Amino acid sequence: VVAKLAYDEQQTLADTAAGLDTVQLAAAVTAAATARRIDVYGVGASGLVAQDLGQKLLRIGLIAHAHSDPHLAVTNAVQLRAGDVAIAITHSGATGDVIEPLRVAFERGATTVAITGRPDSSVTQYADHVLTTSTSRESELRPAAMSSRTSQLLVVDCLFVGVAQRTYETAAPALASSYEALAHRHRGRS
Numbered sequence: 033v034v035a036k037l038a039y040d041e042q043q044t045l046a047d048t049a050a051g052l053d054t055v056q057l058a059a060a061v062t063a064a065a066t067a068r069r070i071d072v073y074g075v076g077a078s079g080l081v082a083q084d085l086g087q088k089l090l091r092i093g094l095i096a097h098a099h100s101d102p103h104l105a106v107t108n109a110v111q112l113r114a115g116d117v118a119i120a121i122t123h124s125g126a127t128g129d130v131i132e133p134l135r136v137a138f139e140r141g142a143t144t145v146a147i148t149g150r151p152d153s154s155v156t157q158y159a160d161h162v163l164t165t166s167t168s169r170e171s172e173l174r175p176a177a178m179s180s181r182t183s184q185l186l187v188v189d190c191l192f193v194g195v196a197q198r199t200y201e202t203a204a205p206a207l208a209s210s211y212e213a214l215a216h217r218h219r220g221r222s
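So in the working numbering, the last spot in the sequence shown is 222, and the numbers never skip.
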């Protein structure tokens with residue numbers, strides 16, 4: 033089981049890297065690096081990936097919010113405008129609870145990004161930029177959406193590293209401050 037899962041994960045990463053449109057990625061990086069505010073939407077396993085991206089962006093000093101509650105997502109999306117970025121993460125591209133806040137953000141003038149395994153899906157009609165993940169390794173069982181989550185994490189990490197590089201002068205001190213603020217939590221307590 034371990035060898036099979038490790039092989040599938042490696043192939044998922046390779047497939048995603050090979051299929052990722054670097055022009056779309058660069059455009060998404062530019063938008064996020066200069067955004068006034070970034071909202072990230074996802075539910076289920078994609079919600080965990082959204083939380084991962086949100087906290088990483090926050091730690092480098094960007095105003096970022098991740099939402100897995102659809103009501104909060106829409107409530108926040110109505111506050112977005114030009115100069116803001118909304119990112120929707122959905123493997124199927126058909127998750128209504130993720131599409132709705134992206135649509136609202138799109139209609140409000142925010143730059144929108146879809147991270148999905150289905151580039152021809154509903155979510156992409158509201159996306160200025162589409163970052164495609166691999167879908168070839170997902171099994172019928174899909175416990176915890178393993179390969180789609182792995183694929184999404186790679187794309188999110190590429191987006192994050194691009195933004196961190198682009199904003200290095202402010203990102204590096206912000207990251208150092210966040211490490212310092214949390215350092216006492218990582219030491220042994222007496």
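Positions of the beta carbon are idealized from the N, C-alpha and C atoms, including for glycine.
Small disclaimer: the values here were computed from a predicted structure and weren't measured.
| Asked | Found |
| --- | --- |
| Backbone secondary structure at residue 92 - three-state DSSP | coil |
| Integer-rounded CB distance, given that residue 40 should sit under 8 Å from residue 179 | 6 Å |
| Residue 101 to residue 75 span [Cα, whole Å] | 7 Å |
| Reduced DSSP secondary structure (H/G/I, E/B, other) of residue 206 | helix |
| Same chain, Cβ closer than 7 Å to residue 182, neighbours up to 5 away in sequence not counted | 41, 44 and 45 |
| Residue 184 versus residue 148 - alpha carbon distance | 8 Å |
| From 215, 212 and 203, residue whose alpha carbon lies closest to that of residue 66 | 203 |
| Sub-8 Å separation of residue 73 and residue 99 beta-carbons | yes |
| Alpha-carbon to alpha-carbon, residue 78 and residue 162 | 16 Å |
| Presumed contact (8 Å Cβ cut-off) between residue 90 and residue 82, rounded CB distance | With 8 Å as the limit, residue 90 and residue 82 do not qualify as a contact, their Cβ atoms being about 12 Å apart. |
| Residue closest to residue 153, alpha-carbon to alpha-carbon, out of 128, 58, 143 and 209 | 128 |
| Proximity below 8 Å, CB of residue 188 to CB of residue 84 | yes |
| Where residue 112 falls: helix, strand or coil (DSSP) | coil |
| Candidates 166, 146 and 151, of which the one nearest residue 159 by Cα | 146 |
| Residue of 34, 134 and 193 minimising C-alpha distance to residue 111 | 134 |
| Residues near residue 222 in its chain [Cβ-Cβ closer than 8 Å; skip 5 each side] | Here the model assigns residue 222 a pLDDT of 48, short of 50, so the residue's position is not dependable and the matter cannot be decided. |
| Own chain partners of residue 105 with C-beta closer than 8 Å, once the 5 adjacent residues on each side are dropped | 71, 73, 99, 129, 130, 132 and 133 |
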